[in-house]
Structure formats: structure tokens, C-alpha cells
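Read the structure below first, then the notes.
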Amino acid sequence: MEVEILSRKLIAPSSPRPLHLQKSPISLSFSEQLAPSFYVPRIFNSSTQPKLIKSMAMLTLMKKEACSCKNHFPNKHNPFLSTRRQIHI
1 MEVEILSRKL IAPSSPRPLH LQKSPISLSF SEQLAPSFYV PRIFNSSTQP KLIKSMAMLT
61 LMKKEACSCK NHFPNKHNPF LSTRRQIHI
């Protein structure tokens, strides 16, 4: 499978972080703190009809979905994610 990179862009959350996530940091157990960190690159693509969507429309859709994902999975208090491991498109 061949992958063609059309553009690169830093994705920001589409809305502010919910209050219940701002006030309480994620607490890890002792065993979770000792576990080695690992990173698996991922490509998110959820199109029902990929042949009908042009490449720029697909890119816009992926940016929108990545923004909405960042609201549900905060990385501010996650020690396993650094700034170089954030979602870049």
C-alpha cells in the first residue's frame, strides 16, 4: 500500500475541554507508572463512500474528525504523550 501525504497541519481541539476534565488530572496506578511507554502511529479515516469524496474533501473531513477526537482524549496530563507525539496531519 502506498501512502501519499497531501499536506501537514497541527490539529487543535474543536471546542474547549470539558470542566470535569480540566479540574481532575488523570491519575495512574503504581503499575501503570512503571510500565514502559510505547507509541503506535495511527491514521484515522472513516468514510462511508471513499470513491465519491475527492482528496481535499477527505482531508477536510479528517481534520474535523481529528479535532473532535482531541476533545475526548486529552493529552495534557498524560505522561506517555509528548508534544512530538500529538496528532499531526
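Residues in the sequence shown are numbered consecutively from 1, following the UniProt record's numbering.
Note that CB positions come from ideal geometry on N, CA and C, so glycine has one too.
Distance, residue j Cα to residue i Cα
i: THR60; j: PHE30; result: 41 Å
i: ALA35; j: SER15; result: 32 Å
i: residue 90; j: LYS63; result: Absent from the model: residue 90. The displayed extent of the chain is 1 to 89, so no value can be given.
i: ARG17; j: MET1; result: 36 Å
i: LYS9; j: SER27; result: 31 Å
i: PHE38; j: VAL3; result: 23 Å
Contact check, residue i vs residue j, beta carbons under 8 Å
i: ILE11; j: ALA66; result: yes
i: LEU6; j: SER55; result: yes
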